[in-house]
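J.:
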Amino acid sequence: DDYSIGRVGAPVSTCKLRLVNWEEGNYFVTDKPNPRGEIVIGGDCITLGYFKNHKQTQEAFKIEGGNRWVYTGDIGEVFPDGTLKII
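Following our numbering, the numbering of the sequence shown begins with 976 at its first residue and continues without gaps.
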């Protein structure tokens, strides 16, 4: 059991999680000891978009590699055990 403060846990099996560099904030997926960056979530768990907000949907939701992803705008850190901390 992991009771670390500030972690939100690992993604559920139907969701994919990855980080992308957020250069403006100096967070990179190559950061040591743990990768940090903007949280991107994908998989069947993703909504079709923002309610009545086509512009924001176009900005945040992308199809990449055959998967639907949402760029959350949140910054996170992923630990070796797969858990995520929102920074």
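Built from N, CA and C at the ideal position, the CB exists for glycine as well.
Bear in mind the structure is a predicted one, so any value in this text is a computation, not a measurement.
Measuring straight from C-alpha to C-alpha, what distance separates V966 and F1026?
T.: Nothing can be reported for residue 966: it is not among the residues displayed for the chain, which extend from 976 to 1062.
J.: Going residue by residue through the region 991-1048, where are the continuous beta strand (DSSP E) segments of at least 3 residues, counting only ones entirely within it?
T.: Whole beta strand (DSSP E) segments, 3+ residues: 1011-1018 and 1036-1039.
J.: Less than 8 Å between the C-beta atoms of Y1002 and N996, yes or no?
T.: Yes, the pair counts as a contact, with Cβ atoms nearer than the cut-off.
J.: Please report the residue range of the beta strand (DSSP E) in which I1061 lies.
T.: Its beta strand (DSSP E) spans residues L1059 to I1061.
J.: Spatial neighbours of G1000 within its chain, please: CB distance less than 8 Å, with the 5 preceding and 5 following residues excluded, ordered by chain position.
T.: Answer for G1000: I1050, listed in chain order.
J.: Determine the direct distance from the alpha carbon of H1029 to that of L994, and round the result to whole angstroms.
T.: Cα to Cα, the separation comes out at about 24 Å.
J.: Please classify V1015 as buried or exposed, where buried requires at least 16 other C-beta atoms within 10 Å of its C-beta.
T.: The residue in question, V1015, is buried, as its Cβ has 16 or more Cβ neighbours within 10 Å.
J.: Provide the residue span of the beta strand (DSSP E) that contains G981, from first to last.
T.: Where G981 is concerned, there is no enclosing beta strand (DSSP E), given that its DSSP letter is neither H nor E.
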